[in-house]
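J.:
2 protein chains.
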Amino acid sequence: MTQSPLSQSLRAWMDVFMHRSMRGWTHFAKSTGLSMPQFSILMQLHHRGVCGLSDIRARFDITTAAASQLAEKLVQAGYIERHEDPSDRRAKKLKLSPKGAKFIQQGINQRHRWMDDLVKNLSAAQQKKVAEALDILTEIAKDVDRHVDM
Amino acid sequence: MTQSPLSQSLRAWMDVFMHRSMRGWTHFAKSTGLSMPQFSILMQLHHRGVCGLSDIRARFDITTAAASQLAEKLVQAGYIERHEDPSDRRAKKLKLSPKGAKFIQQGINQRHRWMDDLVKNLSAAQQKKVAEALDILTEIAKDVDRHVDM
DNA sequence: GAATATAGTTCAGCCCGCTTAACTAAAAAG
DNA sequence: CTTTTTAGTTAAGCGGGCTGAACTATATTC
Chain B
1 MTQSPLSQSL RAWMDVFMHR SMRGWTHFAK STGLSMPQFS ILMQLHHRGV
51 CGLSDIRARF DITTAAASQL AEKLVQAGYI ERHEDPSDRR AKKLKLSPKG
101 AKFIQQGINQ RHRWMDDLVK NLSAAQQKKV AEALDILTEI AKDVDRHVDM
Chain Y
1 MTQSPLSQSL RAWMDVFMHR SMRGWTHFAK STGLSMPQFS ILMQLHHRGV
51 CGLSDIRARF DITTAAASQL AEKLVQAGYI ERHEDPSDRR AKKLKLSPKG
101 AKFIQQGINQ RHRWMDDLVK NLSAAQQKKV AEALDILTEI AKDVDRHVDM
């Protein structure tokens, strides 16, 4: 089993990066009193915009009951809004409230700050190189997601 | 507030990559019946090798009691081994059992497979570029971790 | 329009993680 | 050697996530 240099590099980067960001996110979620499931729903709404409750159910592979209860708590806490879908009055649409959006943005900014710290000491040439490479990766990753994503 | 091209690229990449890997990991953990806290401990042990129970306590910011109970469950399930520290017989050292190590490796291999799929269609020139960039990032990320890490 | 299917809510009950508190045992301090 | 500190275990109790089941309300099918 041969490993290309790129595979090696990807794996090394994944190890370091994943470990670090996981820690950051869990710490951030915890610091606010939100549970991980609750926090994950906020992240999903951030990523997807408006979601049906049934999308949440499918995405996290939980029962409708569980999704409903989690959503209710987030509504109570003021992080999300829940509205009837006009086109199907049985369905509910969820989206981040201003408070929820602001909250998630803070978390993202924290991650960004870490990354900015990471690269600020690179030379201009290195920065250019890295930026180009990441753009390539992001482009193809988005493309893959388009086919697989829920 | 000016944003360098690199900052932009890092942020875009982080969004896509984090979202995707989180989903992969939680799905993997869930598929095995392990809770996220239990799974996180296995990941920590994979990352760190042998850990004291007190390291777990500090890393996840939980009480010693909680750490002890989680460890006990993982020992019962056969994922980790717990031994007395010869140099301080009050302390316990935790490490992955063969079963635990194999299990985590499977999860990592799944992530790797995703990444390999991601890059397999890049040209040789692009692959080289991306590999170089990731190596640069990995190197500095490790360096930062050395100072901040627990 | 009656029968059926679908989207959510609510509730009882279970399991789990977590904390506090009481405890054991070993190490460190005096 | 006694006191105090440190590492971990154990048990009781709380709160949260999850499921299954019973229910409401809307949409779909025939």
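Chains B and Y supply the protein sequences, listed in that same order.
Counted from 1, the first sequence has number 62 at position 62 by my numbering; the numbering is strictly sequential.
Counted from 1, the second sequence has number 98 at position 98 by my numbering; the numbering is strictly sequential.
Ideal Cβ positions, reconstructed from N, Cα and C, are used throughout, including at glycine.
Since this is a predicted model, take the numbers as computed values, not measurements.
Take residue 14(B) as the anchor and find which of 95(Y), 91(Y), 24(Y), 33(Y) has the nearest alpha-carbon.
T.: Here residue 14(B) refers to the residue found at position 14 of the first sequence. Closest option to residue 14(B), Cα to Cα, is 24(Y).
J.: Just mark residue 100(Y) as buried or exposed, buried being the case when its beta carbon has 16 or more other beta carbons within 10 Å.
T.: Taking the second sequence and counting its residues from 1, the one referred to as residue 100(Y) is at position 100. Residue 100(Y) comes out buried.
J.: Note the first and the last residue of the continuous beta strand (DSSP E) segment covering residue 108(Y).
T.: Taking the second sequence and counting its residues from 1, the one referred to as residue 108(Y) is at position 108. Careful: residue 108(Y) lies outside any beta strand (DSSP E), inside the alpha helix (DSSP H) at 98-119.
J.: Just the C-alpha distance for residue 38(Y) and residue 120(B), rounded to the nearest angstrom, thanks.
T.: Looking up residue 38(Y) in the second sequence gives position 38. Looking up residue 120(B) in the first sequence gives position 120. So the two alpha carbons sit approximately 36 angstroms from each other.
J.: From the DSSP output, in three-state form, read off residue 134(Y) for me.
T.: To locate residue 134(Y), count along the second sequence from 1; it is residue 134. The answer is helix: DSSP assigns residue 134(Y) an H, G or I state.
J.: What residues in its chain sit with their C-beta under 6 angstroms from that of residue 67(Y), if we drop five residues either side in the sequence?
T.: As a working mapping, residue 67(Y) is identified with position 67 in the second sequence. Hits under 6 angstroms: 53, 56, 57.
J.: Check whether chain Y comes within 8 angstroms of residue 50(B), counting only Cβ atoms and requiring the distance to be less than that.
T.: Stepping through the first sequence from its first residue, residue 50(B) is reached at position 50. Any Cβ of chain Y closer than 8 angstroms to the Cβ of residue 50(B) would place that residue at the interface, and such an atom is absent.
J.: Could you tell me whether the stretch 87-106 of chain B touches the stretch 131-140 of chain B, where touching means 3 or more Cβ pairs closer than 8 angstroms?
T.: Verdict: no, contact absent.
J.: Going by beta carbon distance, what residues of the same chain come within less than 7 angstroms of residue 29(B), once the five residues before and after it are set aside?
T.: The sequence position of residue 29(B) within the first sequence is 29, counting from 1. Only residues of its own chain outside the window of five on either side were considered, and among them 36, 39 have a CB closer than 7 angstroms to the CB of residue 29(B), listed in chain order.
J.: If you run the structure through DSSP and keep just helix, strand and coil, what is residue 94(B)?
T.: Numbered from its first residue, the first sequence carries residue 94(B) at position 94. In the structure shown, residue 94(B) sits in a strand (DSSP, three-state: E or B).
J.: Could you check if residue 106(Y) is buried or exposed, using at least 16 other CB atoms within 10 Å of its CB as the buried criterion?
T.: Walking along the second sequence from the start, residue 106(Y) turns up at place 106. Exposed, since its Cβ has fewer than 16 Cβ neighbours within 10 Å.
J.: Sort out for me which residues DSSP pairs residue 48(B) with in a bridge.
T.: In the first sequence, the residue the question calls residue 48(B) occupies position 48. None, per the DSSP bridge assignment.
J.: For the stretch 120-133 of chain Y, which residues have a beta carbon sitting closer than 8 angstroms to at least one beta carbon of chain B?
T.: 121, 122, 126, 127, 128, 129, 130, 131, 132, 133
J.: When you compare each of 96(Y), 48(Y), 110(Y) to residue 31(Y) by their alpha carbons, which one comes out closest?
T.: Indexing the second sequence from 1 puts residue 31(Y) at position 31. For the residues 96(Y), 48(Y), 110(Y), the minimum Cα distance to residue 31(Y) belongs to 110(Y).
J.: DSSP three-state label for residue 62(Y), please.
T.: Residue 62(Y) sits at position 62 when you count from the first residue of the second sequence. DSSP, reduced to helix, strand and coil, places residue 62(Y) outside both helices and strands of the structure shown, so it counts as coil.
J.: Along the alpha helix (DSSP H) that carries residue 34(Y), what are the first and last residues, could you check?
T.: Translated into positions along the second sequence, residue 34(Y) becomes position 34. Residue 34(Y): not part of any alpha helix (DSSP H); DSSP gives it neither H nor E.
J.: Quick check: the Cα distance between residue 5(B) and residue 138(Y), rounded to an integer number of angstroms?
T.: In the first sequence, residue 5(B) corresponds to position 5, counting from 1. In the second sequence, residue 138(Y) corresponds to position 138, counting from 1. Each residue's Cα considered, the two are about 14 angstroms apart.
J.: Checking 8 angstroms against the spacing of the C-beta atoms, do residue 157(Y) and residue 113(Y) come in under that value?
T.: Since the first and last residues shown for chain Y are 1 and 150, residue 157(Y) lies out of range.
J.: What residues are listed by DSSP as bridge partners for residue 80(B)?
T.: The count along the first sequence starts at 1 and reaches residue 80(B) at position 80. DSSP, once it has assigned bridges, lists 96(B) as partnering residue 80(B).
J.: Please list, in chain order, the chain B residues whose beta carbon lies closer than 7 angstroms to that of residue 17(Y).
T.: As a working note, residue 17(Y) is residue 17 in the second sequence. What residue 17(Y) touches in chain B: 141.
J.: If I measure Cβ to Cβ from residue 42(Y) and keep anything under 8 angstroms in the same chain, skipping five residues before and after, which residues do I get?
T.: For the purposes of this step, residue 42(Y) is taken as the residue at position 42 of the second sequence. Within the same chain, residue 42(Y) has close Cβ partners 34, 74, 79, 80, 96, 100, 103, 104.
J.: Does any residue of chain B bring its CB to less than 8 angstroms from the CB of residue 63(Y)?
T.: Residue numbering aside, residue 63(Y) sits at position 63 when the second sequence is read from its first letter. Chain B contact via Cβ: absent.
J.: Report the neighbours of residue 112(Y) on chain B: residues whose CB is nearer than 9 angstroms to its CB, in chain order.
T.: Start at 1 with the first residue of the second sequence, and residue 112(Y) comes out as number 112. Going along chain B in sequence order, the residues near residue 112(Y) (Cβ under 9 angstroms) are 7, 10, 11, 14.
J.: Taking the straight line between their C-alpha atoms, what separation do you get for residue 62(B) and residue 127(Y)?
T.: Locating residue 62(B) in the first sequence gives position 62, where the first residue counts as 1. Locating residue 127(Y) in the second sequence gives position 127, where the first residue counts as 1. Whole-angstrom Cα-Cα distance: 39 angstroms.
J.: Opposite residue 88(B) in the DSSP bridges: which residues?
T.: Start at 1 with the first residue of the first sequence, and residue 88(B) comes out as number 88. The partner list for residue 88(B) (beta bridge, DSSP) reads 85(B).
J.: Do we get a CB-CB distance below 8 angstroms when we pair residue 118(Y) with the residues of chain B?
T.: The residue you call residue 118(Y) lines up with position 118 of the second sequence. Residue 118(Y) has a beta carbon lying within less than 8 angstroms of a beta carbon in chain B.
J.: Could you tell me the alpha carbon to alpha carbon distance between residue 86(B) and residue 92(B), rounded to whole angstroms?
T.: Residue 86(B) sits at position 86 when you count from the first residue of the first sequence. Residue 92(B) sits at position 92 when you count from the first residue of the first sequence. Their Cα atoms are separated by approximately 9 angstroms.
J.: According to DSSP, is residue 21(Y) helix, strand or coil?
T.: Start at 1 with the first residue of the second sequence, and residue 21(Y) comes out as number 21. Three-state DSSP puts residue 21(Y) in a helix.
J.: What does the Cβ neighbour count give for residue 141(Y), buried or exposed, with the cut at 16 atoms within 10 Å?
T.: In the second sequence, residue 141(Y) corresponds to position 141, counting from 1. By the 10 Å Cβ count, residue 141(Y) comes out buried.
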